[in-house]
Amino acid sequence: MSTTLTEAPGTPSEAPAPRKPKRRGRLVPYWLLLPGMLWLIVFFALPMIYQASTSVQQGSLEDGYTVTWHFATYWDALSEYWPQFLRSVLYAGLATILCLLLGYPLAYLIAFRAGRWRNVIMVLVIAPFFTSFLIRTLAWKTILADNGVVVSTLNSLHLLDVTTWLGMTDGDRVLATPLAVVCGLTYNFLPFMVLPLYTSLERIDGRLHEAAGDLYASPITTFRKVTFPLSMPGVVSGTLLTFIPATGDYVNADLLGSTDTRMVGNVIQTQFLRILDYPTAAALSFILMAAILFMVTFYIRRSGTEDLV
Amino acid sequence: MPFVRWIRRNLVVLAGLLTLAYLLLPNVVVTVFSFNKPKGRFNYEWQEFSVDAWKNPCGVADMCGSLSLSLQIAFWATLGATALGTMIAFALVRYRFRARGAVNSLIFLPMAMPEVVMAASLLTLFLNMGAQLGFWTILIAHIMFCLSFVVTAVKARVMSMDPRLEQAAQDLYAGPVQTFLRVTLPIAAPGIAAGALLAFALSFDDFIITNFNAGSTVTFPMFVWGSAQRGTPVQINVIGTAMFLVAVLCVLAGMMVGRRKNKSS
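Chains A and B, in that order, are what the protein sequence lines are.
Under this note's numbering, the first residue of the first sequence carries the number 1, and numbering increases by one thereafter.
Under this note's numbering, the first residue of the second sequence carries the number 1001, and numbering increases by one thereafter.
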């Protein structure tokens, strides 16, 4: 009848003292877990099973669906919608890289250089979460408008020719092109990159930088050999927190893109809510889930950090 | 060249501030365009200055109704997710038990799943059960996806707690209930508050999962989504600006209180 204390990884300075065994019911943890776990099982795990069964059903909306183990739905969905899958991974990947490039300096600034402005900047990073992200995404329509500042600046710098050559824009437009969608995705998921980066940078002991400087490391070498490797947990969880939701997103592609920029999310949404072809929609979302789980496991193996949560 | 040297030394700061500007640009646009008087249905082009929308924020049919619905859902979802999530977090940190690994993965998975997948699978469940889509299905969905975030936030706080404080309380003859209420809970409170705040923001702002499971019920994000197709009233920008200001003020006030507490102790 004893409970042992869990070793808390990452516990700061004060080491937890070993706890005396307490007289408590062995069932207490289960009672604490029961309601929440039940909720997750019934409304998260069970729906997945339902979806798996829906994806192998055949039938119609009028006559009802029956499970016929019709796995061809998967093949049909994949062969018809592979461009959207490819596009999702491509856009989400681009947005993740941009988020990392843009987010790192900001996280670094907050962690090491902001001084007494740190809290103010943190508020400014978090506060947009409370303004509806749809309203903010719509604001990009104004920013990227055809006669707006962004388009004319890009045009006069001849950058628009470069992006058009890359297939990211279309003539004199930015709105309704892949560039606009990637820009929106980058914007929307940037805070999810900055916050984990900041958390892992903040944990770095400032004396390590001084030590590197004492050993005649240039700032760039210090960054490459000390700061960046130590911030790897933040980089990994930041990239996951951006990539996963960005792959499934359909809001940016819908509001800022055109029919040529549709992503998997858009297809799933249309199939489920407008065409009402449930088996195809279920199969599509299962393929998406499997693809993401596969990529994420591979990525975590490669980057070597398992303690993410 | 002192100027060039200054730039080189502060390159990170400049780049960081540029990112911050990128992050805040839409908020600036939303605020500026809340003072616009648009021609036609859409509020994407600047026409002329006007405070009409600020004088009459609820002048658009159904908008404030959807706003109040979203606030109600966010309130109940926060309450539900925080209660359930805090219990799970305590169980995970304080006890060793058989199914720990399984529980941890079940907590992690909703955060690692694209929203559209969760949304679609939940809809298949509701359709199969023949549930009436609306307020309750939205609430159920919101509690489900907020739960994991609350657990993570509370867990982080409880983990860094010194268990000796509770032992001290018990050495001073505090009962289990008293120890929990007077020692454990106050120390865990910031974590619980962070989790609750996160849950509120996530629920209030959620569009994808709500869109699938709302039926004909319209929450505020869904109203905004619909208005992107039909025509965006200026009042949407007014609400967006107001929410941003309220959030900034709340967080600043919270920080001020926190700082005063730190000083006094």
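Note that beta-carbon positions come from the ideal geometry of N, C-alpha and C, so glycine has one too.
Contact residues of the segment 1221-1232 of chain B toward chain A are Pro1221, Val1224, Trp1225, Ala1228, Thr1232 (C-beta to C-beta distance below 7 Å). No Cβ-Cβ contact shorter than 8 Å links glutamine 57 of chain A with valine 267 of chain A.
Chain-order list of chain A residues neighbouring asparagine 1027 of chain B: Pro128, Thr131, Arg136, by C-beta distance under 7 Å. For valine 1257 of chain B, no Cβ of chain A is located within less than 8 Å of the residue's own Cβ.
Closest option to alanine 1053 of chain B, judged by alpha-carbon separation, among B:Val1030, B:Ser1066, B:Phe1075, B:Ile1073: B:Val1030.
Per DSSP, the unbroken alpha helix (DSSP H) holding glutamine 1072 of chain B starts and ends at 1063-1094.
Going by beta carbons, cysteine 99 of chain A and threonine 259 of chain A fall outside the 8 Å limit. For glycine 1191 of chain B, the three-state secondary structure derived from DSSP is helix. For threonine 54 of chain A, the chain B residues whose C-beta falls within less than 7 Å of its own C-beta are Thr1124, listed in chain order. In the DSSP assignment, asparagine 1036 of chain B forms a beta bridge with B:Phe1049. For methionine 1087 of chain B, the nearest beta carbon of chain A is closer than 8 Å to its own beta carbon.
In this structure, DSSP gives threonine 66 of chain A an extended state, which the three-state scheme calls strand.
Nearest CB-CB separation between asparagine 1128 of chain B and chain A: below the 8 Å threshold. Under the DSSP assignment, serine 237 of chain A falls in the alpha helix (DSSP H) whose first and last residues are 232-248.
At a cut-off of 8 Å between beta-carbon atoms, glycine 238 of chain A makes no contact with chain B. Contact annotation for tryptophan 140 of chain A against chain B: Leu1025, Pro1026, Val1029 [CB-CB distance below 9 Å, chain order]. In this structure, the straight-line span from the alpha carbon of phenylalanine 44 of chain A to that of alanine 1091 of chain B is close to 20 Å.
Apart from sequence neighbours up to five positions away, the residues of its chain that approach glycine 1080 of chain B with a beta-carbon distance below 7 Å are Ile1143, ordered along the chain. From the listed residues B:Phe1003, B:Arg1009, B:Pro1002, the smallest Cα separation to isoleucine 220 of chain A is found for B:Arg1009. Listed by position along chain B, the residues whose Cβ is nearer than 8 Å to that of alanine 77 of chain A form an empty set, because the closest Cβ is around 13 Å away.
Chain order gives the chain B residues near alanine 282 of chain A as Ala1120, Ser1121, Thr1124, where near means a beta carbon separation below 9 Å.
Below 8 Å, enough C-beta pairs join the segment 1200-1210 of chain B and the segment 124-133 of chain A to call them touching: three or more.
By the neighbour-count definition (other C-beta atoms within 10 Å, threshold 16), tryptophan 1006 of chain B is an exposed residue.
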